[in-house]
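Asker:
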Amino acid sequence: MLDLVKQETERIDSRFLEPACGNGNFLTEVLRRKLDVVGKRYGKNQLEYERYAFVAVSSIYGVDIMQDNVEECRDRLFQEANKTYTNRFKNGARDSFRDSIRYVLSVNILCGDALTLTDSTGAPIVFPEWSLVSGSKVKRRDYTFASLLDKAESQPTFDMVEDFDVDKDDPSKIVPTPIKEYPMVNYLEVAQK
Numbered sequence: 001m002l003d004l005v006k007q008e009t010e011r012i013d014s015r016f017l018e019p020a021c022g023n024g025n026f027l028t029e030v031l032r033r034k035l036d037v038v039g040k041r042y043g044k045n046q047l048e049y050e051r052y053a054f055v056a057v058s059s060i061y062g063v064d065i066m067q068d069n070v071e072e073c074r075d076r077l078f079q080e081a082n083k084t085y086t087n088r089f090k091n092g093a094r095d096s097f098r099d100s101i102r103y104v105l106s107v108n109i110l111c112g113d114a115l116t117l118t119d120s121t122g123a124p125i126v127f128p129e130w131s132l133v134s135g136s137k138v139k140r141r142d143y144t145f146a147s148l149l150d151k152a153e154s155q156p157t158f159d160m161v162e163d164f165d166v167d168k169d170d171p172s173k174i175v176p177t178p179i180k181e182y183p184m185v186n187y188l189e190v191a192q193k
């Protein structure tokens, strides 16, 4: 199935969402392919490799209704990222990078129901968008899953004025509004709250 979207798996920043991620079979293979590209392009420089491996990991999202599946998926994704990172940089591999990867996976792979767009507590599913902005700085913006799917959190229809920024010249271009924005931070510091 991944061969059908091969070009996208080779784009480091291309986002993938698995709405029933199970224990991560599909997402782990997506990440493996992305990390192969990162290694080929940036593998000689640890800083560059870390930045783009961060982008690759942060572009993977998943939801599953079973908490044990979510935990196994996060673990498998972390193990894939850690294995390639440690094999490449051996004793130079940094725990701060590993901590950032674990944190990103903890907020990108969620327990919830993709059909109802709610998490395991009944609250709206919220996904962060991670963007490499300047050098080693990343910007995080959180969006509700519903807004990303052009749905309102509590109604089957939505009020475009309230839920979205609308391009006045082209109303067909609907841009979701983040529910929270975070200050830019070094990619090695995202796990530090």
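For what it's worth, UniProt numbering labels the leading residue of the sequence shown as 1, then goes sequentially. Ideal Cβ placement from N, Cα and C applies to all residues, glycine included. Predicted model, so just to flag it, every value in this text is computed and none were measured.
Can you check DSSP and say which residues form a bridge with PRO19?
Answerer: DSSP, once it has assigned bridges, lists no residue as partnering PRO19.
Asker: Sort THR144, TYR61, ARG141 and LEU132 by Cα distance to ASN25 and report the nearest one.
Answerer: Among THR144, TYR61, ARG141 and LEU132, the Cα nearest to that of ASN25 belongs to TYR61.
Asker: Do LEU110 and ASP119 count as a contact pair if the criterion is CB distance below 8 Å?
Answerer: In this structure, LEU110 lies closer than 8 Å to ASP119 by Cβ.
Asker: Assign VAL64 to buried or exposed, taking buried as 16 or more other Cβ atoms, counted over all protein chains shown, within 10 Å of its Cβ.
Answerer: It is Asp, not Val, that sits at residue 64 in the sequence shown. It is buried - the Cβ of ASP64 has at least 16 other Cβ atoms within 10 Å.
Asker: Between the C-alpha atoms of ASN186 and LYS137, what's the straight-line distance to the nearest angstrom?
Answerer: Cα-Cα distance, rounded: 4 Å.
Asker: Mind checking who VAL126 pairs with in its DSSP beta bridge?
Answerer: VAL126 is bridged to THR144.
Asker: Using only alpha-carbon positions, find the residue among ALA53, LEU27 and PRO128 that is nearest to VAL37.
Answerer: It is ALA53.
Asker: By how many angstroms is the C-alpha of ILE125 removed from the C-alpha of ASP163?
Answerer: Because ASP163 carries a pLDDT of 49, less than 50, the predicted location of this residue cannot be relied on, and the following value inherits that uncertainty. Approximately 16 Å between the Cα atoms of the pair.
Asker: Could you give the C-beta distance for ARG32 and GLU80, rounded to a whole number, given that I count them as a contact under 8 Å?
Answerer: ARG32 to GLU80, Cβ: 6 Å. Contact.
Asker: Please report the distance separating the alpha-carbon of THR84 from that of LYS90.
Answerer: Spanning the two alpha carbons is a distance of roughly 10 Å.
Asker: State buried or exposed for GLY112, treating a residue as buried only when at least 16 other CB atoms are found within 10 Å of its CB.
Answerer: Buried: at least 16 other Cβ atoms inside 10 Å.
Asker: If we call anything under 8 Å between Cβ atoms a contact, is ALA191 one with ARG102?
Answerer: Contact: yes.
Asker: Tell me whether THR9 is buried or exposed, calling it buried when 16 or more other Cβ atoms sit within 10 Å of its Cβ.
Answerer: Buried.
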